[in-house]
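Just so we're aligned: 87 in full-length UniProt numbering is position 87 of the sequence shown, and the numbers increase by one with no gaps anywhere.
What follows is one structure encoded as structure tokens, with my remarks underneath.
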Amino acid sequence: LLSSEMLLLLLLLLGGPTSFYLKQISTFANNTWAQNQGSGWLDDLQIHGWESDSGTAIFLKPWSKGNFSDEEMTELEDLFRAYLIGFTREVQDRVNEFQLECEYSPVIWRESQ
1 LLSSEMLLLL LLLLGGPTSF YLKQISTFAN NTWAQNQGSG WLDDLQIHGW ESDSGTAIFL
61 KPWSKGNFSD EEMTELEDLF RAYLIGFTRE VQDRVNEFQL ECEYSPVIWR ESQ
């Protein structure tokens, strides 16, 4: 059996169908604190991550960088940082529009005797 990495590499080499997509997870604890996480996927294989503290891409496979030069990668990271800063600012500016109230109701489990 081929591993998923070997299968994807084989598909890429043979020109088979593949899809690349990005996932973004943004966490907002309040209107001043936010954290963004990101990942890049080639079909079902994660090949990129995002280091939110430094604002840099993480290449999870030796070939994940593709043919991009260091300069091109810096430009892409700058673009993603600008997007994430703008997205975070927009959400925080509109936090009152998104605010939901939820009644807290603890559930107490009792074992039957």
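In this text, a Cβ means the ideal position worked out from N, Cα and C, and glycines have one as well.
What residues in its chain sit with their C-beta under 6 Å from that of residue i, if we drop five residues either side in the sequence?
i	result
Gln24	Gly38
Glu88	In the sequence on display, residue 88 carries Thr and not Glu. Taken in chain order, the residues that qualify are Ala34.
Arg81	Gly55
Gly86	none
Met73	none
Within a Cβ cutoff of 8 Å, which residues of the same chain sit near residue i, ignoring the five residues on either side of it in sequence?
i	result
Val91	Ser26, Phe28, Ala34, Phe98
Gly66	none
Ile108	none
Trp50	Asn36, Gln37, Gly38, Ser39, Thr56, Ala57, Ile58, Phe80
Phe68	Leu76
If I measure Cβ to Cβ from residue i and keep anything under 7 Å in the same chain, skipping five residues before and after, which residues do I get?
i	result
His48	Ser39, Gly40, Ala57, Ile58, Phe59, Leu60, Ser64
Asn31	Gln92, Val95
Ser52	Gln35, Asn36, Gln37
Leu1	With a pLDDT of only 44 at Leu1, under 50, the local geometry of the prediction cannot be trusted, and the value read off the model is given with reservation. If we look at Leu1 and ignore the five residues flanking it on each side, it has no Cβ neighbours.
Glu103	none
Between residue i and residue j, how many whole angstroms is the CB-CB distance? I'm expecting something under 8 Å.
i	j	result
Gly55	Glu77	7 Å
Asn36	Leu79	Not a contact, Cβ separation roughly 14 Å.
Taking only beta-carbon positions, decide if residue i is within less than 9 Å of chain C.
i	result
Thr32	In the structure shown, chain C does not exist; there is a single protein chain.
Could you tell me which residues DSSP puts in a beta bridge with residue i?
i	result
Asn31	Bridge partners of Asn31: none, in fact.
Ser39	Lys23, Gly49
Next item on the list: Please list the segments of the alpha helix (DSSP H) lying wholly inside the region 46-111, counting only runs of 4 or more residues, in order along the chain.
Entry: 70-93, 95-98
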